[in-house]
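S.K.: Residue numbers (my numbering): 8 to 222. Pasting in a structure now, in structure tokens, and then I'll have a few things to ask.
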Ligand code: SAH
């Protein structure tokens, strides 16, 4: 679990390049600069961990592109102490970015192997407050709702109705919604009990959000 000056230098460069690409939230850039992304990847990828690319994390899944992580996080406008639900724990990297920003993070993963691996890893890294759950993100976590923020990190075929219901009034959901081969990043704000405002942002490509769980 080495994090040396070279890794730190590469992260600083990555944060600078994300800023040039349009990420302006300084807290988000700081999180990218501080969290040792290379440790979330297999050893084979250490040298390229800080290039702005997605990487395989097993079970056919990927850790999102750093720009995508920064972009979604920036849209969430995280404030300290907010309850945030993440769908798609994957490597756990995005969950750690949210924790770094002071959020109370709840994260769901449908792949049991990834769930076990990432839950143990992020604890070991020192992110002990993140709560990981094995389950289907379409269901959310009704027992812990409402959430101030919800982030979906897989390509959603529709905006999941149960997640809309678990969003606090005034809360924000960021979701990449399927539009053929690409996904349109949507930011949905809950105005009141029945009204939601939708804003469309850029296009991205994610692995699919799938129903049910897998071992
Ligand atoms: N946030 C992750 C990116 C993971 S890629 C990271 O920082 O590394 C998307 C993840 O979503 C995959 O691990 C996939 O297994 C998971 N996923 C897909 N559909 C899901 C669902 N319905 N519920 C929970 N997780 C889901």
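Note that beta-carbon positions come from the ideal geometry of N, C-alpha and C, so glycine has one too.
When we look at the beta-carbon of residue 205 and count the other beta-carbons within 10 Å, is it buried (16 or more) or exposed?
M.R.: Here residue 205 corresponds to residue number 198 of the chain shown, with the count starting at 1. Exposed: under 16 other Cβ atoms inside 10 Å.
S.K.: Who are the Cβ neighbours of residue 106 in its own chain at under 7 Å, not counting the five residues just before and after it?
M.R.: The residue given as residue 106 occupies position 99 in the chain shown. Only 112, 134, 136 and 137 meet the Cβ criterion.
S.K.: Who does residue 116 pair with in a DSSP beta bridge?
M.R.: Residue 116 sits at position 109 when you count from the first residue of the chain shown. Partner(s): 141.
S.K.: Is there contact between the region 143-159 and the region 170-182, where contact requires at least three CB pairs shorter than 8 Å?
M.R.: The region 143-159, when compared against the region 170-182, does touch it at the 8 Å Cβ threshold.
S.K.: Any C-beta of chain B sitting closer than 8 Å to the C-beta of residue 94?
M.R.: Checking the listed chains, one finds no chain B in this structure; it contains a single protein chain.
S.K.: Residue 100: beta carbon under 7 Å from a heavy atom of the ligand SAH?
M.R.: On the chain shown, position 93 is the one that residue 100 refers to. Checking the Cβ of residue 100 against the ligand SAH gives yes.
S.K.: Under a three-way DSSP split, which group does residue 106 fall into?
M.R.: One-based indexing of the chain shown puts residue 106 at position 99. Of the three classes helix, strand and coil, the one that applies to residue 106 here is helix, per DSSP.
S.K.: Is residue 96 near the ligand SAH, in the sense that its beta carbon is under 7 Å from a heavy atom of that ligand?
M.R.: Counting from 1 along the chain shown, the entry for residue 96 is found at position 89. Within the cutoff, so yes.
S.K.: Just curious, the beta strand (DSSP E) that residue 93 is in, first and last residue?
M.R.: Locating residue 93 in the chain shown gives position 86, counting from the first residue. Where residue 93 is concerned, the enclosing beta strand (DSSP E) stretches over 90-94.
S.K.: Bridge partners of residue 215, per DSSP?
M.R.: Indexing the chain shown from 1 puts residue 215 at position 208. Answer by DSSP bridge pairing, in chain order: 162.
S.K.: Between the alpha carbons of residue 184 and residue 213, how many angstroms are there, rounded?
M.R.: Position 177 of the chain shown, counted from the start, is the residue given in the question as residue 184. Position 206 of the chain shown, counted from the start, is the residue given in the question as residue 213. Taking the straight line from one Cα to the other gives about 10 Å.
S.K.: At which residues does the alpha helix (DSSP H) containing residue 199 begin and terminate?
M.R.: Indexing the chain shown from 1 puts residue 199 at position 192. Element bounds for residue 199: n/a, residue is neither H nor E.
S.K.: Taking 7 Å as the cut-off, is the C-beta of residue 216 nearer than that to any heavy atom in the ligand SAH?
M.R.: As a position in the chain shown, residue 216 is number 209, starting the count at 1. Because some heavy atom of the ligand SAH lies under 7 Å away, the Cβ of residue 216 counts as near it: yes.
S.K.: Output the distance between the C-alpha atoms of residue 167 and residue 140, rounded to the nearest integer angstrom.
M.R.: Translated into positions along the chain shown, residue 167 becomes position 160. Translated into positions along the chain shown, residue 140 becomes position 133. Straight-line Cα distance between these residues: approximately 18 Å.
S.K.: Any heavy atom of the ligand SAH closer than 7 Å to the beta-carbon of residue 228?
M.R.: Past the edges of the chain, shown from 8 to 222, lies residue 228, and the structure says nothing about it.
S.K.: Could you tell me the alpha carbon to alpha carbon distance between residue 15 and residue 67, rounded to whole angstroms?
M.R.: For this step, residue 15 is matched to residue 8 along the chain shown. For this step, residue 67 is matched to residue 60 along the chain shown. Cα to Cα, residue 15 sits roughly 28 Å from residue 67.
S.K.: Is the region 112-123 close to the region 84-100, with three or more CB pairs under 8 Å?
M.R.: Cβ pair count under 8 Å is three or more, so yes.
S.K.: What are the boundary residues of the beta strand (DSSP E) that residue 181 is part of?
M.R.: Stepping through the chain shown from its first residue, residue 181 is reached at position 174. Per DSSP, residue 181 belongs to the beta strand (DSSP E) from 174-186.
S.K.: Here's the rule: buried if 16 or more other CB atoms are within 10 angstroms of the residue's CB, otherwise exposed. What is residue 76?
M.R.: Taking the first residue of the chain shown as 1, we reach residue 76 at position 69. So residue 76 ends up on the buried side.
S.K.: Rounded to whole angstroms, what is the Cα-Cα separation between residue 48 and residue 198?
M.R.: Position 41 of the chain shown, counted from the start, is the residue given in the question as residue 48. Position 191 of the chain shown, counted from the start, is the residue given in the question as residue 198. Cα to Cα, residue 48 sits roughly 39 Å from residue 198.
S.K.: Across which residues does DSSP place residue 43 in a beta bridge pair?
M.R.: On the chain shown, residue 43 is found 36 positions in, with the first residue counted as 1. In the DSSP output, where bridge partners are listed per residue, residue 43 has none listed.
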